[in-house]
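So the structure is just underneath, and the comments pick up after that.
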Amino acid sequence: AKARRKAEPGNEAHVGAPMPGVVSALAVAAGQAVKAGDVLLSIEAMKMETALHAERDGTIAEVLVKAGDQIDAKDLLIAFG
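Just so it is clear: in the sequence shown, position 48 is 59 by our numbering, and no numbers are missing.
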(Lines of atoms letter the chains of each structure in order from A; the text may use other names.)
(Lines give C-alpha, C1' and ligand atoms only; values in the text may rest on other atoms or scores of the structure.)
Protein backbone atom coordinates (compact mmCIF):
# COMPACT_ATOMS: atom_id res chain seq x y z
CA ALA A 12 0.00 0.00 0.00
CA LYS A 13 1.32 3.42 -0.86
CA ALA A 14 1.81 5.85 1.98
CA ARG A 15 -1.00 8.37 2.26
CA ARG A 16 -0.71 12.02 3.16
CA LYS A 17 -1.29 12.65 6.85
CA ALA A 18 -3.79 15.15 8.18
CA GLU A 19 -1.99 18.21 9.56
CA PRO A 20 -2.66 18.70 13.28
CA GLY A 21 -4.55 21.92 13.83
CA ASN A 22 -5.53 22.24 10.16
CA GLU A 23 -9.31 22.60 10.27
CA ALA A 24 -9.58 21.85 6.55
CA HIS A 25 -8.20 18.33 7.07
CA VAL A 26 -10.28 15.34 8.15
CA GLY A 27 -7.98 12.60 9.39
CA ALA A 28 -8.60 8.97 10.26
CA PRO A 29 -9.26 8.54 14.00
CA MET A 30 -8.03 4.94 13.84
CA PRO A 31 -6.69 2.32 11.43
CA GLY A 32 -9.36 0.43 9.51
CA VAL A 33 -11.10 0.14 6.17
CA VAL A 34 -13.22 2.82 4.51
CA SER A 35 -16.62 1.12 4.37
CA ALA A 36 -18.67 3.91 2.79
CA LEU A 37 -18.25 7.43 1.43
CA ALA A 38 -21.13 9.86 1.92
CA VAL A 39 -19.63 12.90 0.17
CA ALA A 40 -17.86 13.87 -3.05
CA ALA A 41 -15.53 16.72 -4.06
CA GLY A 42 -17.45 19.94 -4.62
CA GLN A 43 -20.25 18.99 -2.26
CA ALA A 44 -21.44 21.43 0.41
CA VAL A 45 -21.85 19.94 3.89
CA LYS A 46 -23.21 21.16 7.20
CA ALA A 47 -21.69 20.53 10.61
CA GLY A 48 -22.84 17.10 11.77
CA ASP A 49 -23.24 15.62 8.27
CA VAL A 50 -21.74 12.16 7.83
CA LEU A 51 -18.62 12.28 5.64
CA LEU A 52 -17.65 8.62 5.56
CA SER A 53 -17.69 5.41 7.57
CA ILE A 54 -14.75 3.35 8.75
CA GLU A 55 -14.87 -0.29 9.77
CA ALA A 56 -12.38 -1.25 12.47
CA MET A 57 -12.46 -4.31 14.71
CA LYS A 58 -15.92 -5.24 13.35
CA MET A 59 -17.27 -1.86 14.47
CA GLU A 60 -18.60 0.78 12.11
CA THR A 61 -17.57 4.36 12.93
CA ALA A 62 -19.05 7.35 11.10
CA LEU A 63 -16.98 10.52 10.72
CA HIS A 64 -19.01 13.73 10.86
CA ALA A 65 -18.23 17.19 9.54
CA GLU A 66 -17.12 19.45 12.38
CA ARG A 67 -18.20 22.58 10.52
CA ASP A 68 -20.09 23.82 7.49
CA GLY A 69 -18.03 23.90 4.33
CA THR A 70 -17.36 22.54 0.88
CA ILE A 71 -15.48 19.31 0.22
CA ALA A 72 -12.37 20.13 -1.83
CA GLU A 73 -10.91 16.66 -2.11
CA VAL A 74 -11.80 13.08 -1.18
CA LEU A 75 -8.55 11.12 -0.92
CA VAL A 76 -9.94 7.63 -0.27
CA LYS A 77 -12.51 5.28 -1.73
CA ALA A 78 -14.63 2.50 -0.24
CA GLY A 79 -12.50 -0.55 0.50
CA ASP A 80 -9.29 1.43 1.10
CA GLN A 81 -7.13 0.34 4.03
CA ILE A 82 -6.22 3.38 6.13
CA ASP A 83 -3.99 4.17 9.09
CA ALA A 84 -4.60 6.53 11.98
CA LYS A 85 -4.10 10.20 11.04
CA ASP A 86 -4.27 9.52 7.28
CA LEU A 87 -5.79 12.45 5.42
CA LEU A 88 -9.20 11.28 4.20
CA ILE A 89 -11.03 14.45 3.20
CA ALA A 90 -9.97 18.06 2.70
CA PHE A 91 -12.33 21.02 2.90
CA GLY A 92 -12.01 23.92 0.48
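Just so you know, even glycine gets a beta-carbon here, dropped at the ideal spot from N, CA and C.
- Spatial neighbours of Gln43 in its own chain (CB-CB distance under 8 Å, excluding positions within 5 residues in sequence) are listed in chain order as Thr70 and Ile71.
- In the DSSP annotation of this structure, the continuous segment of the beta strand (DSSP E) that includes Met59 starts and ends at Met59 to His64.
- In the DSSP assignment, Gly32 falls within the beta strand (DSSP E) that extends over Gly32 to Leu37.
- Taking Ser53 as the centre and dropping the five residues before and after it, the same chain places the C-beta of Ser35, Ala36, Glu60 and Ala62 closer than 6 Å to its C-beta, in chain order.
- Annotated three-state conformation of Gln81 is strand, per DSSP.
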